[in-house]
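Student:
Residue numbers (the UniProt record's numbering): 1 to 123.
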């Protein structure tokens, strides 16, 4: 549940926007892997936390770690002729290597994973 103390911000159109906490709610920030697996249905959000020196705020992060040798990509049930794959398939180890070695300026790594022109993989 949110502590009703501001601290989460999301990046939109180049600006940091504060997220107003709602009473009796919780926030789920979707990461890049979830965006890929859901074929873009759930979007990864560039976010940050700020500190409030007057009020305590509690955040809890939960991550999952798939087998490094497994392959990830859009779930087959979410890829149809009407909604083609938006992201390429990749080994988890290769994805993590690229993700953690990227330069933190410009394009995000999720952009590297996108299939160009909406048709077929072009890697």
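Glycine included, C-beta positions come from ideal geometry on N, C-alpha and C.
None of these values were measured; they are calculated from a predicted model.
Can you tell which of 102, 8, 92 and 9 has its C-alpha closest to the C-alpha of residue 64?
Tutor: Considering only alpha carbons, the answer is 92.
Student: To the nearest angstrom, report how far apart residue 124 and residue 71 are at their CA atoms.
Tutor: No answer is possible for residue 124: it lies beyond the span of the chain, which begins at 1 and ends at 123.
Student: For residue 8, write down the residues that DSSP places opposite it in a beta bridge.
Tutor: In the DSSP output, where bridge partners are listed per residue, residue 8 has 49.
Student: What is the residue span of the alpha helix (DSSP H) that residue 36 lies within?
Tutor: Run containing residue 36: 32-37, per the alpha helix (DSSP H) assignment.
Student: Would the region 23-32 and the region 43-58 be scored as touching if the rule is three or more Cβ pairs under 8 Å?
Tutor: Yes, since at least three Cβ pairs between the region 23-32 and the region 43-58 fall closer than 8 Å, the two stretches touch.
Student: Apart from the five residues on each side of it in sequence, which residues of its chain come closer than 8 Å, Cβ to Cβ, to residue 52?
Tutor: 5, 6 and 7.
Student: Under 7 Å Cβ to Cβ from residue 109, same chain only, skipping five residues before and after it: list those, please.
Tutor: Once the five neighbours on either side are set aside, the close Cβ partners of residue 109 are 32, 98, 99 and 102.
Student: Taking the straight line between their C-alpha atoms, what separation do you get for residue 80 and residue 38?
Tutor: So the alpha carbons of these two residues sit roughly 13 Å apart.
Student: In the region 71-95, which residue ranges form an unbroken alpha helix (DSSP H) of at least 4 residues, counting only runs that do not cross its ends?
Tutor: Listed in chain order, there is nothing to give.
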